[in-house]
Structures are given as structure tokens and as C-alpha cells.
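Only one structure is covered here, and it is reproduced in the block below.
Number of protein chains: 2
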Amino acid sequence: MNVVCLGAGNVATHLAIALKAMGADIVQVWSHDFKNAEILAALTKARAFHNWKNLDRNADCYIIAVKDDAIPAIAAQLLDVKGIVVHTSGATPITSLVGTGSGYGVLYPLQTFSKSKAVNLTLVPFCIEADRPETLEKIDAIAHLLSTSVAEVDSEQRKVLHVAAVVAANFTNHLYHLSAQLLEQHQLKFDLLKPLIMETAEKVQSALPVNVQTGPAVRNDQVTMQRHLELLDGSANLQQIYQSLSESILKTYHKKD
Amino acid sequence: MNVVCLGAGNVATHLAIALKAMGADIVQVWSHDFKNAEILAALTKARAFHNWKNLDRNADCYIIAVKDDAIPAIAAQLLDVKGIVVHTSGATPITSLVGTGSGYGVLYPLQTFSKSKAVNLTLVPFCIEADRPETLEKIDAIAHLLSTSVAEVDSEQRKVLHVAAVVAANFTNHLYHLSAQLLEQHQLKFDLLKPLIMETAEKVQSALPVNVQTGPAVRNDQVTMQRHLELLDGSANLQQIYQSLSESILKTYHKKD
Chain A
728 MNVVCLGAGN VATHLAIALK AMGADIVQVW SHDFKNAEIL AALTKARAFH
778 NWKNLDRNAD CYIIAVKDDA IPAIAAQLLD VKGIVVHTSG ATPITSLVGT
828 GSGYGVLYPL QTFSKSKAVN LTLVPFCIEA DRPETLEKID AIAHLLSTSV
878 AEVDSEQRKV LHVAAVVAAN FTNHLYHLSA QLLEQHQLKF DLLKPLIMET
928 AEKVQSALPV NVQTGPAVRN DQVTMQRHLE LLDGSANLQQ IYQSLSESIL
978 KTYHKKD
Chain B
728 MNVVCLGAGN VATHLAIALK AMGADIVQVW SHDFKNAEIL AALTKARAFH
778 NWKNLDRNAD CYIIAVKDDA IPAIAAQLLD VKGIVVHTSG ATPITSLVGT
828 GSGYGVLYPL QTFSKSKAVN LTLVPFCIEA DRPETLEKID AIAHLLSTSV
878 AEVDSEQRKV LHVAAVVAAN FTNHLYHLSA QLLEQHQLKF DLLKPLIMET
928 AEKVQSALPV NVQTGPAVRN DQVTMQRHLE LLDGSANLQQ IYQSLSESIL
978 KTYHKKD
């Protein structure tokens, strides 16, 4: 299988390297920043290109892994290519690819990627969608090269998944940051929280989060919550987040009517 | 070492079992609910008791692991015991134990415990504090029986740690719940999010959370945030949390002045 990779960021890098390892040929890499294209091309023995005139139009699969708002401009370059075209975005509908390739669809890995950290893709859920059954079969085969967890998810559901991922991962990481910042202000090390953070994530691998909630809000422990809010008097931002998340927990477990 | 365990909840259970495994004798267990005391006593070959007249006053260490607001009433029963007295609370000052035992202090494990899930205590940070150096030495020895991570933390700092733990663990778990609920409303499985949740926690074991933030808010991607807020129109609670956490991320990375 010949693959052209459009994009050279975190997602493009992880997918291209994993596909290469599974025997695919990465023939070309494009990036709006040519240097990044060269780096990923070197890692996958591909050729980097920048001018669309040089695009290889005979590959089997074109993977668009760029920022959401850059997808339409890339798609416009892929109208007459021979292979199928997929994007990897959680928030972009399949219709953004209408007219491209010999078929088009979505290959959305539900995971957070950093270039500096290897991720085992085998367990990452790949959410796939296609314009028609023949394309779905091809995308399904590619997804199964990468992972054992492949699910057909339509554009509406994928939007929901993307919001849920923002809440469970991006917001969670920001809470880690706010607590790290609070500790730093009091000469305490973030290291102290690391085992707690791991255990909190591990717990919900086998239990529903609603069943393992702990802390002052779920106990409706008003005295402790009041003390915490007073301690946060100097950090208005965290104080407000403390209040709104505590209220949400209270609503969940202590409905008034 | 002879230990009396006051409390039979999650923390008491994990500590008593681990101390027993390290060679301590759990001689007695008390709980306001006698049945729970009997269960923990059976697990640790101790005797359960309910009437304070039956308290063994000659143990080496009395561990109070009960709800915060129940600590003073227990402490009042431990004025003339022979050994040292410790509580395990993040939010309660050491002064709540003044006058108890032959010395008193705090043994606060910074971890979340469920009865149904074993926790490896070896890596759990134990925050300790004492009324005087001799007591500190004793509490330090007990903490080192349980864990390799022991830190002296005074009552003021422990309060901060407790707030940070609420933010990084309790609030995080609630975000997991809100995303699980959103998925359920759209016939999607929470399983899809589990690898993402693990990876998000694993990332900050070796990097500062501020350096690995991803998502629409850190990119200042207003279009995606607006779409997400529209999708959350039916769930006012999550919509409000989405807004306030996104604003907090924007403030952190895109300061206006």
C-alpha cells in the first residue's frame, strides 16, 4: 500500500510511523512547513514535497492530518487522485471531502499525541466513516493495521466524541496544571500528586466514574468546601472553577427535588 | 508494634492491611458502625470493639481514620493512652489532637482509596507532621513501613495539598463522569475514552501539564469551541463547565495584556 501523508504534526507522525512499521510505503509527505515535511519524510523513507505540482496522484491512500481549518484547502488539491482520501479530525464532517479521490472517509484516532512520547496505537480506538461500503472496507483494513479497536462512527456521533474527549482529556490536563500551579505557589512539588493522578485514571478503567466519586462535594461536606474556597482567595480563577465543579458534583449526587 | 485502628473505612482498611503485612499487630478496630469494625478486625486478626471502656490503652500507636468532623470526638477518647496518636486527614490541623497520647501527629496518605481496588502503597506519598521530634521519628518509621515516599508537610501546606488533590483527582473524576454521561446520551460507549484518559494521566508523569496542553482552547480555535457549545445546548451544566474551563485555558495561554 502506497500512502501520501498530508501534514507532519503529531497525528501525522504517529500514523505514518506506525503504517510504515506495518509494511505500508509512505511515498510522500507534505506540510505547510517544509522543514517538518522533511523531518517526517526522513523518519519514514518518504520524499518531502511542497509544490502541489509534485504530488504523486497514483498512491492508494491520502491521509490528511492537518489543523481542522486547513482541511478544505488540502481536499481541493486531491480531486483527481487515484486512491482514497481520509482525514483524521474529530470535529470535521465527512462532507468536507466530497469529490476527492476514488472514495473518501474518516480515520479518527481517539487519542492525544505528543511528538516526544511514543503511544501504543494497538489499543487506541479508531473511529471510521466512509462515503460508501467499498471505501469503508479499505479504511477498515487500514485501521486494523494500526489497532485492534475500530468502530464505525458517523459524523454526528464523532462530534459528540470529540467534545467528550476535550472534557475528559484537555480539561483534565488543565486541572492538573491548576493544581501544579497551586502547589508551586506554596513551595510544594507536583510530584506529590502523580500517584493520585494515575490511580484516578486507572480506577475508571474498570468502574464507571459516577460510582467512584470521592471528595468533599460528593459527601456534601460544606465546611471543607468553604475552607477550600477561603484558601483559594488569592487565585480567583481556580476559586471559580472550584465552585462550579463542586456545584456540578452536588447537583449530580444531591438533587434537591 | 501494636496498633489500634479507629475507623474501618477505605483509608483505615488499606492502612491496617498494609501495616499487618509489614509485621505490625493490629490489636483493636473501632468503628461507629460495629459491623464494619468486625469486617476489618477479621481481615487483620484484630478484635472489634464499640464501647470505649474496652479500648486497649497500652498500644504503641492509635490511628484515627474517620470522617474529618468525627476526629475531635475520637481524640477526646485518647487523652490517656500510652502510645502516639495520629490522624490521616488532609484537611484537619494537627492541633485537633492536642493532649492525646504520649505524642501526636499526622500520617496523611495522598491517594484515593476504594475498598474494592487494591492500591500499591509503596509509591504513595505519605505526608507526616508531629508535635515534637521524638514523635516525628516514630511516625516517620511507620510511614516508611508503608511507602518509600515520605515528606514532612506542615498543617498549612497539607491544606493546600488537599485542595490540589481535590482539583486533580475529584474534579477530574467528575469530568470523566460528565463525558461518560454525554456519550451515553448519544449511544456511544465510555470504553472509547479509556485509552485517552490513561494517556492523559501518563503524560504528566514525566512532563509538566502546562507543557502538554492540547485541544481547541489552547489553540484559541474559536470556531470549534463555538460548535461544541452549540452541541451542548441540551446540557446546561456541562455547557457552563465547558465555558469556564475553556476560558481558564485561554487565560493561561493567551493573556490579553
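Line by line, the protein sequences are chains A and B.
Going left to right, the first sequence walks through residues 728 to 984 as this note's numbering numbers them.
Going left to right, the second sequence walks through residues 728 to 984 as this note's numbering numbers them.
All C-beta atoms in this analysis are idealised placements derived from N, C-alpha and C, irrespective of residue type, glycine included.
Distance, residue j Cα to residue i Cα
i: S973(A); j: H901(B); result: 9 Å
i: L733(A); j: D787(A); result: 14 Å
i: T862(B); j: D783(B); result: 20 Å
i: N737(A); j: I766(A); result: 12 Å
i: I744(B); j: K842(B); result: 11 Å
i: D960(A); j: A896(A); result: 27 Å
i: N876(A); j: P936(B); result: Asn is not the amino acid found at residue 876(A); the sequence shown has Ser there. Going from the Cα of S876(A) to the Cα of P936(B) covers about 27 Å.
i: A928(A); j: M925(B); result: 6 Å
i: L834(A); j: T815(A); result: 5 Å
i: S975(A); j: D796(B); result: 23 Å
i: D984(B); j: L956(A); result: Because D984(B) carries a pLDDT of 43, less than 50, the predicted location of this residue cannot be relied on, and no value is offered for it.
i: A892(A); j: H741(A); result: 19 Å
i: E883(B); j: C854(B); result: 12 Å
i: I866(A); j: S874(A); result: 12 Å
i: P836(A); j: V890(A); result: 14 Å
i: T822(B); j: G830(B); result: 12 Å
i: Q970(A); j: L909(A); result: 16 Å
i: A907(A); j: N938(B); result: 12 Å
i: P943(B); j: V793(B); result: 42 Å
i: L888(A); j: P852(A); result: 11 Å
i: R954(A); j: P820(B); result: 12 Å
i: E879(A); j: E856(A); result: 6 Å
i: Q967(B); j: H904(B); result: 15 Å
i: I811(B); j: K844(B); result: 29 Å
i: A802(A); j: Q940(A); result: 45 Å
i: F840(A); j: V846(A); result: 7 Å
i: K982(B); j: V945(B); result: 11 Å
i: S962(A); j: K747(A); result: 48 Å
Contact set between residue i and chain A, taken where Cβ atoms lie within less than 7 Å
i: Q953(B); result: Under the 7 Å cutoff, chain A gives no residues; its nearest Cβ is about 11 Å from Q953(B).
i: K844(B); result: K930
i: P852(B); result: L919, P922
i: Q884(B); result: H913, L915
i: A800(B); result: Here the premise fails: no neighbours, minimum Cβ distance about 15 Å.
C-beta neighbour in chain A for residue i, strict 8 Å
i: D984(B); result: At D984(B), the pLDDT of 43 sits below 50, so the modelled position is not reliable; the number obtained from the coordinates is stated separately. No - not a single Cβ of chain A is within 8 Å of the one on D984(B).
i: L939(B); result: The sequence shown places Val at residue 939(B), rather than the Leu named in the question. With 8 Å as the cut-off, V939(B) counts as an interface residue toward chain A.
i: I976(B); result: yes
i: E856(B); result: no
i: Q949(B); result: no
i: G734(B); result: no
i: H871(B); result: no
i: A818(B); result: yes
i: K904(B); result: Before going further, note that residue 904(B) is His rather than Lys in the sequence given. For H904(B), the answer is yes, since a Cβ of chain A falls inside 8 Å of its Cβ.
Contacts that residue i makes with chain B (C-beta to C-beta distance below 9 Å)
i: I791(A); result: Neighbours of I791(A) on chain B: none; closest Cβ ~17 Å, over 9 Å.
i: A719(A); result: The shown model of chain A, from 728 to 984, leaves out residue 719(A), and the question about it has no answer.
i: V887(A); result: L909, L910, Q912, H913, L915, L958
Proximal residues of chain A, C-beta to C-beta of residue i below 9 Å
i: G942(B); result: T839, A892, V893, A896, N897, F898, N900, H901
i: I968(B); result: V894, F898, I968, S971, L972, S975
i: A868(B); result: Residues of chain A passing the Cβ test: none, with the nearest at roughly 20 Å.
Minimum Cβ-Cβ distance from residue i to chain B less than 8 Å
i: S962(A); result: no
i: A797(A); result: no
i: H741(A); result: no
i: H759(A); result: no
i: A878(A); result: yes
Proximal chain B residues relative to residue i, where beta-carbon distance stays under 7 Å
i: E926(A); result: Q838, T839, V846
Suppose only complete runs of 4+ residues qualify. What are the alpha helix (DSSP H) ranges in the segment 796–862 of chain A, listed by chain order? 798–802
Curious, which full-length beta strand (DSSP E) runs of at least 3 residues does the segment 743–782 of chain A contain? 752–757, 774–776
Are the segment 900–914 of chain A and the segment 914–922 of chain B touching by the rule of at least three beta carbon pairs closer than 8 Å? no
Jot down the residue ranges of each uninterrupted alpha helix (DSSP H) in the segment 883–921 of chain A, minimum 4 residues, whole runs only, in chain order. 899–912
What residue ranges within the segment 933–967 of chain B form continuous alpha helix (DSSP H) runs of no fewer than 4 residues, ordered along the chain? 949–958
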